[in-house]
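Student:
Number of protein chains: 2
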Amino acid sequence: MRMRRKPWAEEEIKNNPHLVVPRPHEWKGKWHQFFNNTHPIHIEIGTGKGQFITEMAKAHPQVNFIGIELQTSVLGVALRKLIAARKNNEVENCCLLRENANQLTDFFAPGEVERIYLNFSDPWPKRRHTKRRLTYRTFLDLYRKILTEKGEIHLKTDNEKFFEFSLNSFSDYGCRLKNITFDLHNSDYMGNIMTEYEEKFAAQGMKIYRCEAIMP
Amino acid sequence: MRMRRKPWAEEEIKNNPHLVVPRPHEWKGKWHQFFNNTHPIHIEIGTGKGQFITEMAKAHPQVNFIGIELQTSVLGVALRKLIAARKNNEVENCCLLRENANQLTDFFAPGEVERIYLNFSDPWPKRRHTKRRLTYRTFLDLYRKILTEKGEIHLKTDNEKFFEFSLNSFSDYGCRLKNITFDLHNSDYMGNIMTEYEEKFAAQGMKIYRCEAIMP
């Protein structure tokens, strides 16, 4: 995600270590302790400005949500959104990590995560960048290592080519696909929570693709 | 497929019982005898005017092809196409059936068919007609009964909604999906043989969807 630099972000992230966890590898295998409950853990890779993860956490208090975003300025915006949502002592089931998706196994133990959300991930359209796509098989290997048995990946995108690539990548990996839709906002799917991108795209009448992949 | 009635079709079909097999249930479990070889058997459900099955038979002499089409006039056109192709003693690996897809198990023994082609099947867009779609689960049940282990269904369509429905239906049935493409004619897929419909659609720049489903 491209965004103008937010000079305040670094400071605010440092001042909120309970919300943007500074050394997540120390919580590897202990996230249930972190949240002080035994609820399932869902993570979002590429959390962006944080609307999805914050609203999901509000809507599903029986689930723990962890949003992962590498870019400091973007994460700063997500942090402010989370702080605002917590004003009424709500949304205690959500935290953020300023980390890279390719190090997931440093932060999560095998079987610690029940679901992964990929929302409007960079499609990396050029063929030579295939391996950077978050549904490329090396990433699926990472996801499999941290997911529970039958753990799920829920994907949304506006990019048809990335969606097509992802369906094939999931299938070739042996995942079972579920709830495939080529037009989420005109589908039967209930309970959709929109990202900031999605709101903008949907308002323009663009189609949103969505699917769920169950790990083999 | 809608087509003006061909008054000659009935007669020509009767005169060519080696090409349009009149009592296919008598060959159930004996199609390898019919073709006088042990090559795999591929069937097309809804053969239409017959270009696909005839050209496939030409291109793959080591496979036996059976085209199934219920409508007499349409089948008559397919028959003439097949007769023309056989002029040079070629294409002895293809025959046609004037039958209904919902009676497949009357004509084929368990495991007798290695692959099923569904090309531009009627999408039956209305929800109350869902059960008529050739990828509805009751049809998948039929296909499973006649397909070999790991037998495949290869589907092409220009109808996005039918494609979306089919991907879900295959997945929900436990099929593994393969080679999903949202734009066949701009994809890497090699060796595509076009149906009459497909030629027309492709010339208009319409997208063709394609996938392969492997039976569980």
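Protein sequence lines, in the order shown, are assigned to chains A and B. With my numbering, letter number 10 in the first sequence gets 10, and the count goes up by one each step, no holes. With my numbering, letter number 24 in the second sequence gets 1024, and the count goes up by one each step, no holes. The beta carbon of each residue, even a glycine, is placed where N, CA and C say it ideally should be. Every value quoted in this text rests on a predicted model; they were computed, and no experiment measured them.
Any Cβ of chain A within less than 8 Å of the Cβ of B:L1167?
Tutor: Output row for B:L1167: interface = yes.
Student: When Cβ atoms are compared, which residues of the stretch 123–157 of chain A fall closer than 7 Å to chain B?
Tutor: Answer set for the stretch 123–157 of chain A: empty.
Student: Below 8 Å on the Cβ atoms is my contact criterion, and I expect A:A207 with A:F182 to pass it. Report the Cβ-Cβ distance as a whole number of Å.
Tutor: Inspection of the sequence shows that residue 207 of chain A is occupied by Lys rather than by Ala. That pair is a contact at about 6 Å.
Student: Got a sec: is the Cβ-Cβ distance from A:S73 to anything in chain B below 8 Å?
Tutor: No, A:S73 does not count as interfacial toward chain B.
Student: If you draw a straight line from the alpha carbon of A:W31 to that of A:L167, how long is it in whole angstroms?
Tutor: Spanning the two alpha carbons is a distance of roughly 30 Å.
Student: DSSP state of A:A213, grouped into three classes?
Tutor: A:A213: strand per DSSP, three-state reduction.
Student: Mind listing, in chain order, the continuous beta strand (DSSP E) runs of no fewer than 3 residues lying wholly within the stretch 1130–1193 of chain B?
Tutor: Within the stretch 1130–1193 of chain B, the complete beta strand (DSSP E) runs of at least 3 residues are 1147–1157, 1176–1181.
Student: Anything in chain A within Cβ reach of B:F1282, meaning under 9 Å, just list it in chain order.
Tutor: Any property of residue 1282 of chain B remains undetermined from this structure, which presents chain B solely from 1001 to 1216.
Student: How big is the Cα-Cα spacing for A:L104 and A:L97?
Tutor: Using only the alpha carbons, I get a separation of about 11 Å.
Student: Please list, in chain order, all residues of the same chain as B:L1134 whose beta carbon is under 8 Å from its beta carbon, the five residues on each side excluded.
Tutor: Around B:L1134: I1045, G1046, A1101, L1118, S1121, D1122.
Student: In chain A, what lies closer than 8 Å to B:K1178 by C-beta?
Tutor: Per Cβ cutoff of 8 Å: N168, S171, D172.
Student: Strictly below 7 Å CB to CB, what residues from chain B border A:F182?
Tutor: Under the 7 Å cutoff, chain B gives E1160, E1164.
Student: With distances taken between CB atoms, is the gap from A:R115 to A:H154 smaller than 8 Å?
Tutor: Yes, the Cβ-Cβ distance between A:R115 and A:H154 is below 8 Å.
Student: Grab me the residues of A:V77's own chain with a C-beta within less than 6 Å of its C-beta, minus the 5 sequence neighbours each way, in chain order.
Tutor: These residues qualify, in order along the chain: K49.
Student: In the DSSP assignment, find the alpha helix (DSSP H) that holds B:V1077 and state where it starts and stops.
Tutor: First-last of the alpha helix (DSSP H) with B:V1077: 1072–1085.
Student: By alpha-carbon positions, which one of B:A1203, B:M1003, B:M1215 ends up nearest to B:L1140?
Tutor: It is B:M1215.
Student: DSSP three-state label for A:R115, please.
Tutor: A:R115 falls in the strand class under three-state DSSP.
Student: Can you tell me where the alpha helix (DSSP H) holding A:L104 begins and where it ends?
Tutor: Segment 104–107, the alpha helix (DSSP H) holding A:L104.
Student: Does DSSP put A:F120 in a helix, a strand or coil?
Tutor: Three-state DSSP puts A:F120 in coil, outside helix and strand.
Student: What are the boundary residues of the beta strand (DSSP E) that includes A:E90?
Tutor: No beta strand (DSSP E) holds A:E90; DSSP gives it neither H nor E.
Student: What's the C-alpha gap between A:M56 and B:K1028?
Tutor: Those two C-alpha atoms are separated by around 55 Å.
Student: Considering Cα atoms alone, identify which of B:N1093, B:K1087, B:V1074, B:T1148 is closest to B:I1066.
Tutor: Residue B:N1093 is the option with its Cα nearest to B:I1066.
Student: Starting from B:I1043, trace the beta strand (DSSP E) in both directions and tell me its first and last residue.
Tutor: First-last of the beta strand (DSSP E) with B:I1043: 1041–1045.
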